[in-house]
Ligand code: HSE
């Protein structure tokens, strides 16, 4: 069997709508073998209740796209999924499926796609590059699509200095629904607001000067429109900043929210936020993780 491990990703990172994302140390494992005929999909974790186990499965569909591109006639497939990334919560579970499927298919049919081909191919399937590119590269990645090709730059993030507090609610939000409320036209001042902050965020993460992050993580392109689907969002932002978060933002299309915190603050931050959730918002839970620097790996 071919096994691929793909990290979770947190897209947008505040002002970087559809263009900035980071890989996190939470993983899906996708194992695949070619069989004589048919399609068998086993899902070993709780995501089985959300994911189809037939031709609609995203891992399978991504594999088919590679086989079609390569002109490969696949006989049958056995796919085994072990998903550590929560589904439809804004942590890149769809992108992990797409990336895992492409990498596995690339091996099976010996398509010899280069890493850049895979990055552009994955972004074209997903429609935007801010989850798929860090899922492949690891680290924080700035990525844009132009003429069907992804152009990107990775920024390594020091996991000894920065941790990611993931606030996860017990409800889901589908990306399609979360994208449907984004306006087609925005005021010029909102564009200026976001471009400045996306640049400040990028510069702060490169230099390791985290003092400006609270301002840099602000956004006017998507968070305010999605807020109505994320009950508790304002309270969590406020509490997280009270507890010492460096920056807080809606992860991807939501509903998960993420705070960057200094590694040395992890214990006190977790204790205070967990107490807040226990006492006031027990439909949310907290997990703290680090960045992933490797991206998708064939195991
Ligand atoms: N940039 C995307 C969005 C990420 O916010 O809709 C989710 O796929």
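Numbering (the working numbering), first residue to last: -17 to 281.
Idealized CB from N, CA, C, for every residue including glycine.
Check whether residue i and residue j have beta carbons under 7 angstroms apart
i	j	result
residue -14	residue 12	yes
residue 111	residue 125	yes
residue 29	residue -12	no
residue 45	residue 78	no
residue 266	residue 169	no
residue 7	residue 269	no
residue -2	residue 123	no
residue 5	residue 129	no
residue 67	residue 73	yes
residue 16	residue 100	no
residue 155	residue 237	yes
residue 58	residue 82	no
residue 175	residue 202	yes
residue -7	residue 113	yes
residue 147	residue 93	no
residue 231	residue -5	yes
residue 145	residue 245	yes
residue 14	residue 61	yes
residue 198	residue 183	yes
residue 196	residue 234	no
residue 1	residue 40	no
residue 243	residue 149	no
DSSP three-state assignment for residue i, whether helix, strand or coil
i	result
residue 236	coil
residue 145	strand
residue 193	helix
residue 173	helix
residue 278	coil
residue 188	helix
residue 129	coil
residue 13	strand
residue 20	strand
residue 166	coil
residue 26	coil
residue 178	helix
residue -13	strand
residue 155	coil
residue 150	strand
Proximity test, residue i beta-carbon vs ligand 1 heavy atom, cut-off 6 angstroms
i	result
residue 234	yes
residue 254	no
residue 60	no
residue 10	no
residue 112	yes
residue 177	no
residue 200	no
residue 161	yes
residue -6	yes
residue 0	yes
residue 230	no
residue 157	yes
Cα-Cα separation, residue i to residue j
i	j	result
residue 275	residue 118	10 angstroms
residue 34	residue 194	43 angstroms
residue 218	residue 163	22 angstroms
residue 225	residue 247	9 angstroms
residue 131	residue 153	34 angstroms
residue 214	residue 263	8 angstroms
residue 251	residue 227	8 angstroms
residue 249	residue 200	25 angstroms
residue 141	residue 23	35 angstroms
residue 65	residue 25	8 angstroms
residue 55	residue 133	31 angstroms
residue 221	residue 50	49 angstroms
residue 97	residue 103	10 angstroms
residue 280	residue 32	25 angstroms
residue 71	residue 18	36 angstroms
residue 204	residue 178	16 angstroms
residue 42	residue 189	40 angstroms
Uninterrupted alpha helix (DSSP H) stretches inside the segment 210 to 255 (no shorter than 4 residues): 215 to 224
Complete runs of the beta strand (DSSP E) confined to the segment 45 to 125 [at least 3 residues]: 58 to 65
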